[in-house]
Every structure is written in structure tokens, then in C-alpha cells.
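Just below is one structure, and these are the notes that go with it.
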Amino acid sequence: MRIATFNINGVNTRLANLLDWLKAEAPDIACLQELKATARQFPEVAIREAGYDAVWEGEHRWNGVAILSRVGAPVVTRRSLPGDPADRQSRYLEAAVQGVLVGCLYLPNGNPRPGPKFDYKLAWMERLIAHAAGLVTVDAPVVLCGDYNVVPTEADIYDSRSWKANALLQPESRAGFARLLDQGWTDALRERFPEQPPWTFWQYLREAWARDAGLRIDHLLLNPRAAARLKDAGVDAAVRGRERASDHAPAWIELADTDPA
DNA sequence: ATGTCCGCACATTGCGGA
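The numbering of the first sequence is this note's numbering, which starts it at 4 and goes up by one.
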């Protein structure tokens with residue numbers, strides 16, 4: 004089973020890119036972030052015609068997350084992250100598909116820093132850590148994937164000099180991600196490429212794609228039951244080079260159908 | 001500080017968010 008995560012940066016703006024990728028790579032499950040569409044604007048019909056059932060959580064202009072599946076309709080288990088009923092931003096969606104629990108998340112960017120946006124990012128991370136503590140021990144495969152907006156280590160960015168003040172690299176952001184891993188989650192791309200993990204994001208500015216000036220901020224975290232099934236992981240980087248591409252590329256894992264004996 | 005991209009609104013440019 005292949006599970007992918009893709010910050011689409013506008014599901015309607017990039018619909019042709021999305022459909023091309025779904026057709027070419029045919030992930031069994033695809034988590035999308037930054038839909039930038041209300042629930043009504045979500046392109047349900049085009050996605051169904053591409054062979055996918057979908058569940059989604061929309062929002063006007065910003066954020067928005069979806070889970071697509073071509074191996075059975077996702078059964079929603081959560082539509083928001085617990086811990087703050089006043090938080091109306093659509094950044095978390097969780098569903099069961101084919102015996103796998105999938106959490107699709109869009110962690111706040113947090114810029115500019117310092118300020119309320121960075122505070123919100125850290126508060127959101129705390130809520131994620133609290134919720135993930137309950138998921139890591141689930142006696143079934145759990146995959147927490149999405150745009151974490153965190154560059155975990157210096158190996159996860161082309162050159163950090165011009166990013167020093169950015170919320171994606173701050174010690175607090177990295178500490179939060181490390182605390183998640185300490186719960187027992189496996190960072191799949193890091194596991195697959197321990198020396199040099201691939202980038203998942205190239206900003207639009209300064210010809211970052213052409214220079215391969217990338218960052219790794221999209222992550223697939225696996226609980227022990229999912230990690231035991233990990234066969235492969237990668238990034239569909241070529242997607243970033245297409246016309247009118249998202250600034251992110253899809254990242255994916257391949258899980259064995261059953262636990263190893 | 002800058003750069004790029006996009007959709008929306010006090011709309012035919014400016015702005016926020018990334």
C-alpha cells in the first residue's frame with residue numbers, strides 16, 4: 004500500500020497537476036494540504052472520476068486538508084485537532100482506510116517570528132504532540148503525515164544561512180518535532196535515506212527549483228506497527244518541475260500488506 | 001530586505017499568506 008502526502012497549494016488552481024500525478028503514480032491513499040477551498044469548492048467530481056473517494060475539511064482562502072483513497076472510502080475519525088475549540092483553522096483530518104489510521108495535518112507556518120503566528124504554531128504543535136501520544140501506541144498501523152512546516156535538522160535544508168530567522172528552523176520548532184519522534188514515531192524518509200534525505204519543498208523565490216535549493220518539511224511519521232511494514236519511501240520530485248506546479252512535491256511511503264512474520 | 005505566486009476585495013492595483 005502506497006500512502007502519499009502532497010501540499011497542493013490550491014486544489015483547484017493545481018487540479019490538472021493533481022490529476023496528472025494521481026494518474027501517473029496511483030497512490031492508494033493521498034493526503035492533501037492547503038486546499039485553499041471551501042468545502043463546497045472542493046473538486047469532488049473530478050477526483051471521483053480519477054478513481055478516488057475523498058473526505059475533506061475546507062476553509063475559505065487558506066488551509067484545508069483532504070484524504071483521498073482508491074482502496075475503499077476513508078472513514079473519518081477526527082475533523083480537527085483536540086485541545087482548542089476556538090481554533091477554526093482547517094488543519095487536521097483523520098480517517099481509517101483499509102485497517103490503517105491516517106492523520107493528515109497542515110502545521111502552521113509560524114512566520115513572521117516572533118509574533119502571534121509563531122505562538123500559534125507552537126501551541127498547535129503542543130496539541131499535536133498530546134494527540135500523537137495516544138496514536139503512537141495504537142495496535143494498528145498509524146501514519147501521521149503532512150506539511151509539518153519544520154526543517155528537522157541541518158541535513159534537511161540546502162543551506163540554512165538565509166533561513167536563520169525563519170519559523171521553520173527555530174529551536175522551538177525542531178524541539179517539538181524531536182519530541183514527537185521521542186514518542187516512538189519513525190520519520191520514514193529519514194529512515195529510508197539516513198545520509199541525505201530528499202527535499203520536499205522548493206520556494207517560488209529566487210529560482211529555488213532550478214538551483215535545487217530545497218527543504219524537507221513534509222513528513223510521514225509511522226507508529227511502530229506501521230514502521231514494521233515500511234518497505235520504501237520517496238519523493239516525486241519531478242512533479243515540482245511541471246507547469247503551474249505547487250511549491251511542494253509529493254512524498255510517499257510503501258507499506259507491506261501484512262506484518263512481517 | 002529581497003524575491004514568486006495566487007486569489008480576493010474598499011477590484012483593473014494592493015494585499016495577505018506562504
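Backbone N, C-alpha and C fix where the C-beta goes; we use that ideal spot for every residue, glycine too.
Bear in mind the structure is a predicted one, so any value in this text is a computation, not a measurement.
Leaving aside the five residues before and after residue i along the sequence, list all residues of the same chain whose C-beta is less than 7 angstroms from its C-beta, in chain order.
i	result
Ile220	Asp150, Tyr151, Asn152, Val153, Val154, Leu171, Thr203 and Phe204
Leu183	Ile132, Ala135 and Leu224
Ala191	Leu223, Leu225, Leu233, Ala236 and Ile256
Asp250	Asn12, Phe204, Trp205, Gln206 and Tyr207
Trp65	Lys39
Glu3	The requested residue 3 does not occur in the structure, where the chain is confined to residues 4 to 264.
Asp271	What the structure shows of the chain is the stretch from 4 to 264, and residue 271 is not part of that stretch, so it cannot be assessed.
Asn10	Gln36, Glu37, Asp150, Asp221, Ser249 and His251
Which of helix, strand or coil does DSSP assign to residue i?
i	result
Phe204	strand
Arg214	coil
Asn20	helix
Val14	coil
Phe9	strand
Arg91	coil
Ile220	coil
Arg64	coil
Arg51	helix
Ser72	strand
Leu108	strand
Please report the residue range of the alpha helix (DSSP H) in which residue i lies.
i	result
Phe180	Pro174 to Asp185
Leu192	Ala191 to Arg195
Glu257	Unbroken run through Glu257 is the beta strand (DSSP E), Ala254 to Leu258; no alpha helix (DSSP H).
Gly137	Pro119 to Leu138
Arg247	No alpha helix (DSSP H) contains Arg247, which DSSP labels as neither H nor E.
Arg81	From DSSP, Arg81 is part of no alpha helix (DSSP H) but of the beta strand (DSSP E) over Val78 to Arg81.
Pro227	Pro227 to Ala230
Excluding the five sequence neighbours on either side, which residues of its own chain have a C-beta within less than 8 angstroms of the C-beta of residue i, listed in chain order?
i	result
Ala143	Gly102, Val103, Leu104 and Arg228
Glu28	Arg5, Ala7, Asp239, Pro253 and Trp255
Val141	Leu104, Asn226 and Arg228
Val74	Met4, Asp31, Ile32, Val100 and Gln101
Arg243	Trp205, Trp212, Ser249, Asp250, His251 and Ala252
Would you please state the rounded distance, in angstroms, between the beta carbons of residue i and residue j? I believe it to be under 8 angstroms.
i	j	result
Ala240	Pro201	7 angstroms
Val14	Ala33	Contact flag wrong, Cβ pair sits at about 11 angstroms.
Arg91	Tyr109	No, Arg91 and Tyr109 are not in contact; Cβ-Cβ is about 14 angstroms, not under 8 angstroms.
Ala49	Leu18	6 angstroms
Gly187	Val139	5 angstroms
Pro115	Tyr123	About 12 angstroms separates the two Cβ atoms, so there is no contact after all.
Asp262	Ala231	6 angstroms
Cys107	Val79	Not a contact, Cβ separation roughly 11 angstroms.
Ala168	Gln199	Actually they do not touch by this definition, with Cβ atoms about 25 angstroms apart.
For residue i, report the span of its beta strand (DSSP E) as first-last.
i	result
Ala98	Tyr95 to Val100
Ile160	Where Ile160 is concerned, there is no enclosing beta strand (DSSP E), given that its DSSP letter is neither H nor E.
Lys234	Leu233 to Val238
Ala57	Asp56 to Glu60
Ala33	Ile32 to Gln36
Leu147	Val145 to Asp150
Using a Cβ-Cβ cut-off of 6 angstroms (strictly less than) and excluding sequence neighbours within five positions of residue i, which residues of its own chain qualify?
i	result
Cys148	Thr8, Cys34 and Leu223
Met4	Asp31 and Leu258
Thr77	It should be noted that the sequence gives Pro, not Thr, for residue 77. If we look at Pro77 and ignore the five residues flanking it on each side, its Cβ neighbours are Val58, Ile70, Ala98 and Val100.
Ala211	Trp205
Arg195	Ala236
Measuring CB atoms only, is the stretch 78-89 touching the stretch 47-54, in the sense that at least three cross pairs come out at less than 8 angstroms?
Because the criterion of three Cβ pairs below 8 angstroms is not met, the stretch 78-89 and the stretch 47-54 do not touch.
Inspect the CB distances between the stretch 209-217 and the stretch 174-183 and report whether three or more fall short of 8 angstroms.
The stretch 209-217 is not in contact with the stretch 174-183.
The stretch 157-171 / the stretch 10-24 touching (three or more Cβ pairs under 8 angstroms):
Segments in contact, no.
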